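Data first, discussion second: the structure below is written as structure tokens.
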Amino acid sequence: MTPAIQHLISRIQNHRCHSHPIFMHWAQVDPEPEVIGALFHQIQKFCAATRPGGNFPAALDLLGMSEQSGLMQEIVESEEDHGPELAMMAGHIINRAAETQIHPELQDQAAIEKWLKSCSDRLLGNLPGYDPASGLTVQARAAIAVFERRQRTDRDSTFRNMGSALALEMISNRHLIPGEKLCLVDSGLYRATLDEPEMHYLLEHWGEIGAEQMHEKNAIEAVQHLLTEESARQITQGADEFLDSLTGLWDVLDASLLRSGYTDDRLAA
Ligand SMILES: [Fe+2]
Ligand SMILES: [Fe+2]
């Protein structure tokens with residue numbers, strides 16, 4: 001690895017997003033089913049926005065970066081159809097938390113997502129700037145907006161998209177997916193295991209042979225050969241935009257739904 005890519009990787013690893021305690025707090029606080037619903041609504045909407053490639057792979061091609069284009073296209077293809085499995089996992093976890101079949105049909109993505117949104121509306125709807133139509137917080141919209149830039153095909157935006165893609169894949173592989181495994185499986189709160197069919201989403205994304213490992217490898221490979229004095233500023237800017245906006249989302253969810261990890265036990269102690 002070149003010193004330039006190593007420097008960028010360290011920058012991402014040292015960002016507050018990379019070690020955000022939201023999932024640890026989830027495991028600690030043992031949230032109510034409705035709180036889990038609101039959390040999954042915001043997470044699900046954010047994840048859905050990161051999957052489509054938009055014009056990004058084509059823009060890379062047009063700008064003469066065909067190797068990068070191929071590597072990004074591979075990630076986009078591997079993300080297809082992950083929505084239904086994420087909804088299934090959310091429904092399953094909520095059923096276990098509620099100890100009743102709130103979601104009897106785990107295949108019914110639309111019904112599960114509607115329920116998640118209604119939880120979000122009830123619990124987060126009073127936050128300033130909350131959008132009742134989409135059920136998104138200001139912070140979720142800002143995090144999603146980073147990926148709307150994938151519609152643009154100019155050189156500057158494409159370099160920024162490259163930086164956001166690298167930060168996304170590193171955060172998915174090293175923070176988000178391990179964080180979900182921590183609170184959903186390792187916490188023991190839901191008696192969930194990775195080999196249950198309802199948890200397939202997590203199995204597919206987690207660990208050495210998981211999708212995110214491959215995505216991160218592709219993203220590092222793609223950015224490595226692009227980092228020049230000309231592009232470094234925009235690539236770094238794109239990474240920071242992703243990290244700062246996702247940190248903003250984690251902060252608001254952590255504070256308003258998980259009491260930032262503050263439990264009654266600690267209050268009593
Ligand atoms: Fe995925
Ligand atoms: Fe990924």
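Position 233 of the sequence shown, counting from 1, maps to 233 under the UniProt record's numbering, and the rest follow consecutively. For each residue, glycine too, the CB sits at the ideal point set by N, CA and C. Since we're looking at a predicted model, the values are computed, not measured.
Inclusion of Val223 and Leu168 in the CB contact set at 8 Å is not warranted, their separation being larger than that value. Per the DSSP secondary-structure output, Leu136 pairs in a beta bridge with Asp131.
Taking a C-beta distance under 8 Å as the contact criterion, Ala97 and Glu105 do not qualify as a contact pair. Here Leu253 carries a helix assignment [DSSP, helix/strand/coil]. Contact between Val29 and Gly261 is confirmed by a C-beta separation of about 7 Å, below the 8 Å threshold. Distances from the CA of Cys17 to each of Pro178, Met88, Met199 and Ile171 were compared; the closest alpha carbon is that of Ile171. Annotation: Ala192 to Met199 spans about 8 Å, alpha carbon to alpha carbon. Here Cys119 is actually not in contact with Glu221; their C-beta atoms are around 39 Å apart, not less than 8 Å. When the alpha-carbon of Gln139 is set against those of Glu229, Arg174, Arg160 and Leu253, the nearest one is in Leu253. Sixteen is the threshold: since fewer than 16 other Cβ atoms of the shown chains lie within 10 Å of the Cβ of Thr2, the residue is exposed. For Val185, the closest C-alpha among the options Arg174, Ala4 and Leu202 is that of Leu202. The Cβ atoms of Met214 and Ser78 sit closer than 8 Å to each other.
Only buried fits Lys181, as 16 or more other CB atoms lie within 10 angstroms of its CB. With distances taken between CA atoms, Phe147 lies nearest to Pro57 out of Pro57, Leu189, Glu216 and Ile209. The C-alpha of Arg160 is placed about 6 Å away from the C-alpha of Gln237. If you draw a 10 Å sphere on the C-beta of Gln42, you find 16 or more other C-beta atoms in it, and that means buried.
Chain-ordered, the residues whose CB falls short of 5 Å from any heavy atom of ligand 1 come out as Glu79 and His82. Non-local beta-carbon contacts of Leu226 in its own chain, meaning distances under 8 Å to residues more than five positions away in sequence, involve Met65, Gln68, Phe159, Met162 and Ile235 in chain order.
Only residues of its own chain outside the window of five on either side were considered, and among them Glu34 and Ala38 have a CB closer than 8 Å to the CB of Arg122, listed in chain order. The beta carbon of Lys45 is closer than 8 Å to those of Ser134, Gly135, Leu136, Ala140 and Ile144 in its chain, skipping five residues each way along the sequence.
By the 16-neighbour rule on beta-carbons within 10 angstroms, Glu85 is buried. Taking 8 Å as the cut-off, the beta carbon of Asn218 is found closer than this to the beta carbon of Leu71. Gln101 is positioned such that its CB atom lies no closer than 8 Å to that of Ala87. Its chain contains Gly210 and Ala211 as the residues whose beta carbon lies nearer than 7 Å to that of Glu204, once the 5 sequence neighbours on both sides are disregarded; these appear in chain order.
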